[in-house]
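Here the protein sequences come in this chain order: F and D. So in the numbering used here the end of the first sequence lands on 289, straight run, no missing numbers. So in the numbering used here the end of the second sequence lands on 953, straight run, no missing numbers.
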Amino acid sequence: MSEAHGGYYVPHGSHWPLVGSVGLTTLVVGFAMHLNGSDIGLSTMFAGIAIVLIMMFGWFGTVIRESESHMYNEQVDKSFRWGMGWFIFSEVMFFAAFFGALFYARILSVPWLGGEDASTHALLWEGYSAAWPTNGPGAMGGAFETVGAWGIPAINTLILLTSGVTVTFAHWALKKNNRGPLVGWLFATVALGFLFIGLQAYEYGHAYSDLNLTLESGVYGSTFYMLTGFHGMHVTIGAIMLAIIMLRSIKGHFTPDRHFAFEAVAWYWHFVDVVWLGLFIFVYWL
Amino acid sequence: MTTATAHEAHDDHGPARGLSRWLFTTNHKDIGTLYLLFSLLMFFIGGAMAMAIRAELFEPGLQFVNPMFFNSLTTMHALVMIFGAVMPAFVGLANWLIPMMIGAPDMALPRMNNWSFWILPFAFTLLLSTFFMEGGAPAGGWTIYPPLVLQTGDAFPFLIFAIHLMGISSIMGAINVVVTILNMRAPGMTMMKMPLFVWTWLITAYLLIAVMPVLAGAVTMLLTDKYFGTSFFTAAGGGDPVMFQHIFWFFGHPEVYIMILPAFGIVSQIIPTFARKPLFGYSSMVYATASIAFLSFIVWAHHMFTVGMPLAGELFFMYATMLIAVPTGVKVFNWVSTMWRGSMTFETPMLFALGFVVMFTIGGFSGLMLAIAPVDFQYHDTYFVVAHFHYVLVTGAVFAIMAGAYYWLPKWTGNMYNERLGKWHFWLSTISVNVLFFPQHFLGLAGMPRRIPDYSIQFAEFNMISSIGGFAFGLSQLLFAYIVFSTIRGGAKATDKVWDNPEGLEWTLSSPPPYHSFTTAPEVK
Ligand SMILES: [Cu+2]
Numbered sequence: 004m005s006e007a008h009g010g011y012y013v014p015h016g017s018h019w020p021l022v023g024s025v026g027l028t029t030l031v032v033g034f035a036m037h038l039n040g041s042d043i044g045l046s047t048m049f050a051g052i053a054i055v056l057i058m059m060f061g062w063f064g065t066v067i068r069e070s071e072s073h074m075y076n077e078q079v080d081k082s083f084r085w086g087m088g089w090f091i092f093s094e095v096m097f098f099a100a101f102f103g104a105l106f107y108a109r110i111l112s113v114p115w116l117g118g119e120d121a122s123t124h125a126l127l128w129e130g131y132s133a134a135w136p137t138n139g140p141g142a143m144g145g146a147f148e149t150v151g152a153w154g155i156p157a158i159n160t161l162i163l164l165t166s167g168v169t170v171t172f173a174h175w176a177l178k179k180n181n182r183g184p185l186v187g188w189l190f191a192t193v194a195l196g197f198l199f200i201g202l203q204a205y206e207y208g209h210a211y212s213d214l215n216l217t218l219e220s221g222v223y224g225s226t227f228y229m230l231t232g233f234h235g236m237h238v239t240i241g242a243i244m245l246a247i248i249m250l251r252s253i254k255g256h257f258t259p260d261r262h263f264a265f266e267a268v269a270w271y272w273h274f275v276d277v278v279w280l281g282l283f284i285f286v287y288w289l
Numbered sequence: 429m430t431t432a433t434a435h436e437a438h439d440d441h442g443p444a445r446g447l448s449r450w451l452f453t454t455n456h457k458d459i460g461t462l463y464l465l466f467s468l469l470m471f472f473i474g475g476a477m478a479m480a481i482r483a484e485l486f487e488p489g490l491q492f493v494n495p496m497f498f499n500s501l502t503t504m505h506a507l508v509m510i511f512g513a514v515m516p517a518f519v520g521l522a523n524w525l526i527p528m529m530i531g532a533p534d535m536a537l538p539r540m541n542n543w544s545f546w547i548l549p550f551a552f553t554l555l556l557s558t559f560f561m562e563g564g565a566p567a568g569g570w571t572i573y574p575p576l577v578l579q580t581g582d583a584f585p586f587l588i589f590a591i592h593l594m595g596i597s598s599i600m601g602a603i604n605v606v607v608t609i610l611n612m613r614a615p616g617m618t619m620m621k622m623p624l625f626v627w628t629w630l631i632t633a634y635l636l637i638a639v640m641p642v643l644a645g646a647v648t649m650l651l652t653d654k655y656f657g658t659s660f661f662t663a664a665g666g667g668d669p670v671m672f673q674h675i676f677w678f679f680g681h682p683e684v685y686i687m688i689l690p691a692f693g694i695v696s697q698i699i700p701t702f703a704r705k706p707l708f709g710y711s712s713m714v715y716a717t718a719s720i721a722f723l724s725f726i727v728w729a730h731h732m733f734t735v736g737m738p739l740a741g742e743l744f745f746m747y748a749t750m751l752i753a754v755p756t757g758v759k760v761f762n763w764v765s766t767m768w769r770g771s772m773t774f775e776t777p778m779l780f781a782l783g784f785v786v787m788f789t790i791g792g793f794s795g796l797m798l799a800i801a802p803v804d805f806q807y808h809d810t811y812f813v814v815a816h817f818h819y820v821l822v823t824g825a826v827f828a829i830m831a832g833a834y835y836w837l838p839k840w841t842g843n844m845y846n847e848r849l850g851k852w853h854f855w856l857s858t859i860s861v862n863v864l865f866f867p868q869h870f871l872g873l874a875g876m877p878r879r880i881p882d883y884s885i886q887f888a889e890f891n892m893i894s895s896i897g898g899f900a901f902g903l904s905q906l907l908f909a910y911i912v913f914s915t916i917r918g919g920a921k922a923t924d925k926v927w928d929n930p931e932g933l934e935w936t937l938s939s940p941p942p943y944h945s946f947t948t949a950p951e952v953k
């Protein structure tokens, strides 16, 4: 069926990538049609999401079965590690684009609009005095208030940092082959992850209905929601992955020296954690 | 386990039969072939747009297309050539060659390899379908600057999502290259023994992983600015359209090196073979490549000298940009030194490699001219820029890809290409490409703006000459397609070494090589 070449497992043909391409394309075509005002856009998009989910079940299922039947040697394991590491780096760069936008607005474009270092503002926006937070000289989206750092965001920081600790406890338990504590600490991590998402959702609701802080609130609203939104999406994905790892731990998939999937998800979780620290400092606090 | 159908059809050591071989393949050679053929197709589609552009510019006045469609043509020509032709061609070469060069059985992550490729046909179907949408294809230039690009019609979200898909494909392809090079080398193949093509691709892959996500972020912000009320690029909300340019060129300048570093690698493989001398200054080549990659992250605003930057910014980006000439110069001198007192022969791959060295250097020099901020105020957005980057990308990247295709085609197919036709292809291409692009330097210096379908009559002669060169160059490439396909179909049998005494593990395999490259790792001394 599939061969080992010098021990390195090279799988033969797979239809999952093509299913993935069809799914992704359906998803984005649906979304694009929706944005262009089509009635069937959203349903097409959800069909695409469904196809992508089927692909992920099938593809990861195949990999898990192969792993469980010991087809991967140490070199394959190393490939997965390198691959996951560089994938996370690409995610870091994705967030870097939005952090870059935040810093550019705060350090350059908003002060310039207020008249610092440039004179063009006088032609269009005379009288605008630069400050942060701002929704710009056009007061886009109307007056708004910001979410204070020392309420829910601080609690959320504690939650995520604690979850970083619990996932490490789970790792230690796994290395000592104690399945009970492993599953327990993983459960705690997943619970903290979903608690974070719940609080974040509550905070969004509060911001939209009480503070008039919306996506349309100028560059503050734009950077606030895009950064926290993409972060929240990553927390959700991470929490789902952790839940799957928990189920696999219950099934006894991991051994003290072979548990790449666990570590990959743990790395991802720490990455999400670190991004949050950046958010807490630069979006909420300073 | 993966698919019943794919498995019924294949025996253990050969490819599956029929269409499923190509749709489901996890084999680096099959995927390399798919990439290269896709790239060739895109080269002709983008080329057809270029022909229409040159036809419109043959004479002053409006001839064939309306101005809006002309703008779509320039925009789509660039997107198709960059993301559809040049980048996939390099990934195709990487797929074919890296496992063979480092003594590996295949790429490290074969299923993901298939996905990297099979996203592309879908992405380009989306992109090209925008020609038939309400409002036409994107026409704001490939740099998609707001606020202009936000005026795109129904095509807009399709443009954004096509770029997202291309980005996903590139990132997965790059991760695969990095992992393969770091983890799949045969015992004894230390980093500093790797062929330069492998080195340049390793560094290119890092650039891809670092900047494609930034482009994804930038286009996502465009999308939300247009449809979800954000103000990233709107001054009224505290944003800035110039911010887009900064983010875009933080991607865009490394992207330029993504399209040229693998070309350096190819040329560094070919010149030693036909000069019959080892490459001069191997380690300096590696360090020069790494320096270029590093510098590429801190020069982006040389694309924006006229946008109204603070003086300190102008100066920093000017000097940093000129610094790149140092490692690039090291490379050119090393190639020349490799040839010094070599016993040279001039088969087609060598001709293209030499053409690359000479004409890429011309593009490098015009780049230096553009790097000088006060002078750039004159050149900015003129045909001088167009001439510059076409020297770098056509006589640079594309010539290197063709050199590589001629060099390795006998290895891939087991058949020799027709040397006489190859030489014809080289000379026709080289003469016509210079007739095409050299006059554009003068047009630009005289003030002809780029991306405009009509022009003042003093530009008429040089535009006509340029168009004639363009048509000749376009037609010459049909010869390339003919040579490639006739070599695939048959021809004189190639030996395993193909050339006189080429360096590298790929030449120790049979021509064509077995379906799985190195089933047992070779000894590297
Ligand atoms: Cu540049």
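Think of the CB as a built atom: it goes at the ideal place given N, C-alpha and C, for glycine as much as any other residue.
Distances from the CA of Ile675/D to each of Tyr12/F, Val95/F and Gly103/F were compared; the closest alpha carbon is that of Gly103/F.
DSSP places Val13/F inside the beta strand (DSSP E), whose first and last residues are Tyr11 to Val13. Inclusion of Gly568/D and Thr503/D in the CB contact set at 8 angstroms is warranted, their separation being smaller than that value. With contact defined as three or more Cβ pairs closer than 8 angstroms, the segment 913 to 922 of chain D and the segment 564 to 583 of chain D are not in contact. Put simply, the backbone Cα of Ala478/D is about 19 angstroms away from that of Thr553/D. Interface criterion not met: the Cβ of Leu821/D is under 8 angstroms from no Cβ in chain F. At a cut-off of 8 angstroms, the C-beta of Leu635/D has no neighbouring C-beta in chain F. Distance between Phe584/D and Leu937/D, taken at the CA atoms: about 48 angstroms. In the structure shown, Thr149/F falls within a coil segment according to DSSP collapsed to helix, strand and coil.
Counting of Cβ neighbours within 10 angstroms places Glu206/F among the buried residues, the total reaching 16 or more. Per DSSP, the continuous alpha helix (DSSP H) segment holding Ser225/F begins and ends at Gly221 to Ile253. When secondary structure is reduced to three states using DSSP, Asn862/D falls in the helix class.
Thr923/D sits exposed, since fewer than 16 C-beta atoms from the chains shown fall within 10 Å of its C-beta. Per DSSP, Ala157/F is one residue of the alpha helix (DSSP H) stretching across Ile155 to Lys178.
Between the alpha carbons of Ser711/D and Pro838/D lies a distance of about 29 angstroms. Taken in chain order, the complete beta strand (DSSP E) segments of 3 or more residues contained in the segment 579 to 628 of chain D number zero; there are none.
Taken in chain order, the members of the segment 131 to 144 of chain F whose beta-carbon sits within less than 8 angstroms of a beta-carbon on chain D are Thr137, Asn138, Gly139, Pro140, Gly141, Met143 and Gly144. With a cutoff of 7 angstroms, His681/D counts as near ligand 1, since its C-beta is closer than that to a heavy atom of the ligand.
In terms of beta-carbon proximity, Ser794/D stays away from the interface with chain F, with every pair separated by 8 angstroms or more. Rounded to whole angstroms, Leu126/F and Glu119/F show a C-alpha spacing of 14 angstroms. In this structure, the straight-line span from the alpha carbon of Ala246/F to that of Pro574/D is close to 41 angstroms.
Boundaries of the alpha helix (DSSP H) harbouring Lys839/D: Phe827 to Thr841, taken from the DSSP string. When Val695/D, Val863/D and Trp629/D are compared, the shortest CA-CA separation from Ile686/D is found for Trp629/D. Residues of the segment 549 to 571 of chain D with a Cβ closer than 9 angstroms to any Cβ of chain F, in chain order: Pro549, Phe550, Ala551, Thr553, Leu554, Met561 and Glu562. The continuous alpha helix (DSSP H) containing Glu206/F extends over residues Arg182 to His209. With the rule of 3 Cβ pairs closer than 8 angstroms, the segment 647 to 664 of chain D does not count as touching the segment 697 to 710 of chain D. The segment 606 to 623 of chain D makes no contact with the segment 544 to 558 of chain D; the number of CB pairs closer than 8 angstroms stays below 3.
Annotation: the continuous alpha helix (DSSP H) that includes Gly460/D extends over His456 to Glu484. Under the three-pair Cβ rule at 8 angstroms, the segment 267 to 285 of chain F counts as touching the segment 77 to 93 of chain F. Here Lys81/F carries a helix assignment [DSSP, helix/strand/coil]. Looking at the DSSP output, Arg261/F bridges to Thr258/F.
Under the Cβ distance rule, Ile459/D does not count among the residues neighbouring chain F, no pair being separated by less than 8 angstroms. In this structure, Ala157/F keeps its C-beta atom at 8 angstroms or more from the C-beta atom of Gly196/F. Using a 10 angstroms sphere on the CB of Ala146/F, the tally of other CB atoms stays under 16, which defines it as exposed. Within the DSSP bridge table, the entry for Thr810/D names Pro877/D as partners.
Annotated three-state conformation of Lys921/D is strand, per DSSP.
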